[in-house]
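Be aware that the sequence shown starts at 22, since it is given in the working numbering, and climbs by one per residue.
We treat Cβ as the ideally placed atom computed from N, Cα and C, and that holds for glycine.
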Amino acid sequence: MTLANNTLAVIIAVSMVSAIGGLVFNTMPLLLNSVSTALGLSPDQLGTLSLCAGLGYLAGTLTAPLWVERVNWRVAAFVIVALAAGSFVMASQVSVNLLAFTFTAFAFFCALAIALAMRVLADMPDPERAFGARLSVELISIGVFLGVLPVYFIAKSGFTGAMTGLAGFTLLLGLGAFLMPKSSSSQTAVQTKGFPSWNDASRSWSMLGIFLIYLLANVGLFFFLAVIAQKFEPSPEQFGLMFSVLKWLGGGAGALGAIIGARAGLRLPHIVAFTILIVGVIGLLTAQNFTMFMVSSWIWEFGFTLGCLYQTAAITRFDPSNKLVVLVPAAFGISMLLGGKIAGQLLQSGSPNGLYALVAVCSLLPSAYILMARPKTEAVV
């Protein structure tokens, strides 16, 4: 099967494989809590595990350009799924001294899954629709899994149960590999060796750099939402509601992008996404109680996710080779490593206002750039 047969079923199947890559980021709070309970690790040791996972994820995404154009995509997907699932099982069985290695390993293999899937989806004729479907499938499926993981796996078997659950869910998502195309259908991509030069894809390179700045600020805010919200003294149930709805709304933003595709134009969606995001940030800044803070966080999340979708699509549209999109997961990896550090430094003053200001400025950059650039419109359907 090639991408000439780009049916909705193929997009969903590839998105399932991509969702494996989202497990590291979205389940990390639960994993760290479960391993802390099981092994009595200190916050410093937990931070080391989180750092190892971030490094493994970043390393995995950075290796993608070395192999993604050289292999049979379907075979690679099956191998990656097996290695990712196996690494989760291995993590549940090793001693505490090897935990750092296993956290690095499963994050590395999960990153390979999302890097491969992003490259496959870049060949689709409507990037907005393809990447919107990816976000929707990833966030909705993981949202469901996050409801099951603590109740049926962690509550019964602790950290071992968490790893077993992740291994099983990885294999379930890996069924999408059966519909994975074997190779690229883009002649330009086939003819281009390595990444495109700056002269050939300067706008795509620029958009990728702007996207990284966007992520550094917004991922930092996401990591510290719970910390900032503590001033309202919310209950555990309120926290659970806040973060579960966050994921569902992220999936909803992806679904909206998949439905609209490029029919709203190539610039307007960026402006709309920024407007929604800034309304959410203003709400966070002015919130007088937890309910207002929670609702504002949902608005921010919707705008943030919509922005991620359309910026990823823009990177693809500006790139004649469709290859730079494999670096999008690397941008997420860098933001996981540095975003929280930047946000933490800004919060040292005791006020989140500096962080909110950084998010507002960094989130404006994509819209400003897209207004000055002209994407390749021939791919719009």
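#### Entry: residue 142 beta carbon less than 9 Å from that of residue 32
yes
### Query
Just how far apart, CA to CA, sit residue 128 and residue 185?
15 Å
### Query
Who are the near neighbours of residue 388 in its chain, counting only those whose CB is closer than 6 Å to its CB and skipping five residues on each side?
291, 292, 295
#### Entry: Exposed unless 16 or more other CB atoms sit within 10 angstroms - verdict on residue 384
buried
### Task
Name the two residues that bound the continuous alpha helix (DSSP H) containing residue 331.
311-338
### Query
Quick one: any contact between the segment 43-53 and the segment 322-341, if contact means 3 or more CB pairs under 8 Å?
no
#### Entry: Of the residues 378, 259, 280, 373, the one placed nearest residue 330, counting alpha carbons only
280
#### Entry: Per-residue DSSP class, three states only, for residue 201
coil
### Task
Quick one: grab the DSSP three-state call for residue 211.
Note that residue 211 has pLDDT 49, beneath the 50 cutoff, so the model's placement of it is unreliable and no number is given.
### Task
Name the residue from 235, 240, 140 whose alpha carbon lies nearest to the alpha carbon of residue 360.
240
#### Entry: residue 366 in three-state terms, based on DSSP
helix
### DSSP state of residue 259 mapped onto helix, strand, coil
helix
### Query
Going straight from the alpha carbon of residue 379 to that of residue 245, what length do you get?
14 Å
### Task
Assign residue 92 to one of three DSSP states: helix, strand, or coil.
coil
### Query
From 390, 353, 272, 235, pick the residue whose C-alpha is nearest to that of residue 289; which is it?
390
### Task
Starting from residue 177, follow the alpha helix (DSSP H) in both directions and report where the run begins and ends.
176-194
### Task
May I have a chain-ordered list of the alpha helix (DSSP H) segments no shorter than 4 residues that lie completely inside the segment 267-295?
none
### Query
Just checking my contact of residue 204 with residue 94 at CB under 8 Å: how many whole Å lie between their CB atoms?
6 Å
### Task
Note down, one range per segment and in chain order, each alpha helix (DSSP H) of at least 4 residues found wholly within the segment 45-73.
none
### Task
Would you check if the segment 177-194 and the segment 100-116 touch, i.e. whether three or more CB-CB distances between them fall below 8 Å?
yes
### Query
Would a C-beta distance cut-off of 9 Å place residue 275 and residue 158 closer than the cut-off?
yes
### Message
Here's the rule I'm using: 16 or more other beta-carbon atoms within 10 Å means buried, otherwise exposed. How should residue 36 be labelled?
### Response
buried
#### Entry: Distance CB(residue 92)-CB(residue 191) smaller than 9 Å
no
### Message
Considering only the alpha carbon of each residue, which of 287, 367, 249, 259 lies closest to residue 393?
### Response
287
### Query
How would you write the range of the alpha helix (DSSP H) that residue 386 sits in, first residue to last?
374-393
### Query
Can at least three beta-carbon pairs, one atom from the segment 67-79 and one from the segment 140-154, be found at a separation below 8 Å?
no
### Task
Measuring alpha carbon to alpha carbon, tell me which of 59, 125, 372 ends up nearest residue 250.
372
### Message
Looking at the secondary structure, which residues open and close the alpha helix (DSSP H) in which residue 235 lies?
### Response
219-244
### Query
Where do the ends of the alpha helix (DSSP H) carrying residue 149 lie?
148-169
### Query
In or out: residue 284 buried (at least 16 other Cβ within 10 Å) or exposed?
exposed
### Query
Helix, strand or coil for residue 350 per DSSP?
helix
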